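For reference, the structure is listed below as structure tokens.
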Amino acid sequence: KNPSAAKLEAAVKNVLKETIKAHRRVCFDGDGYGEAWHKEAEKRGLPNMRSTAEALSAFSTKKARDVFAKYHVLNARELEARYEVLVENYCTVIGIETRTIIQMVRTQILPAGLRTQEELATTVGATLAADVDCAETQADLRHYVGLVNDLRVAVAELEKLAAKHHKDHATEMRFLRDNTVPATARVRAACDALERVTPDDNWPLPTYAEMLLMK
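The following block contains the structure:
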């Protein structure tokens, strides 16, 4: 006999109530990328994995092996194989991105910066030769030279890290997370700072303004 609508609704409510009660810790409808979630996750006692490398490492835990085996999803060897493939892929992708960043900076961004630096220096020289004060332009030149040097230092550091090799992918993954990825962020920050004060006709790539605001 089919249950009445009222009984069915009551049963569904009970199931939902028990499900929410059991999994309340992981229910969150706010900004999962904001700092508020990091604090909330810690408050709830949840693991807070801030990087792909940390998340992948969860595959190699006993808890993960047990739960996959319990529900006959993957045995220990199958789970390990997937973990190894994911880690290798992470290392490959970060390696490609790192080499691409280095190439773009060396062949596009730095040449554009040096060209602009030269133009500023020429302007300062010509203005001084005309016996005209150009203190502000000189300050602009010093500031710009500093930004170019910041980028030189950042990309040189990244090149040193990219040249390092490791005995296994798991070790490499941790090294990339702790060293290479932060170094790429520093290169990006240096490029962003340079982009903000480089003339559009010297900048070799689409600017943020062009990508976000112009069709």
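For the record, in the sequence shown the residue sitting at position 70 is 132 according to this note's numbering, with numbers rising by one throughout. C-beta: ideal position from N, C-alpha, C; glycine also. Because the structure is a prediction, the values reported are computed rather than measured.
Nearest-angstrom Cβ-Cβ length linking residue i and residue j, presumed shorter than 8 Å
i, j, result
"T199", "T189", "6 Å"
"V259", "Y206", "6 Å"
"V149", "H231", "5 Å"
"D202", "L182", "6 Å"
"Y152", "T123", "At roughly 17 Å, the Cβ-Cβ gap does not stay under 8 Å, so Y152 and T123 are not in contact."
"V249", "A216", "5 Å"
"A245", "L209", "Actually they do not touch by this definition, with Cβ atoms about 18 Å apart."
"W99", "D93", "6 Å"
"R106", "R127", "The Cβ separation is near 24 Å, so there is no contact."
"K269", "D262", "Per the sequence shown, the amino acid found at residue 269 is Thr instead of Lys. T269 to D262, Cβ: 7 Å. Contact."
Sequence-distant residues of the same chain with beta carbon closer than 6 Å to residue i, five excluded per side
i, result
"A197", "none"
Exposure of residue i, with buried meaning 16 or more beta-carbon neighbours within 10 Å
i, result
"E97", "exposed"
"G175", "buried"
"L213", "buried"
"T160", "buried"
"C89", "exposed"
"I163", "buried"
"M235", "buried"
"L238", "buried"
"L108", "exposed"
"L70", "exposed"
"L256", "buried"
"L78", "exposed"
"L118", "buried"
Residue i - DSSP class collapsed to helix/strand/coil
i, result
"N137", "coil"
"C89", "coil"
"N151", "helix"
"Y206", "helix"
"C196", "coil"
"G107", "coil"
"L267", "coil"
"P261", "coil"
"M276", "coil"
"H231", "helix"
Cβ-based neighbour list, residue i, same chain, cut-off 8 Å, excluding 5 preceding and 5 following
i, result
"P65", "A73"
"C253", "V167, I171 and L213"
"E104", "N110"
"R144", "F121 and L136"
"W265", "A174 and E257"
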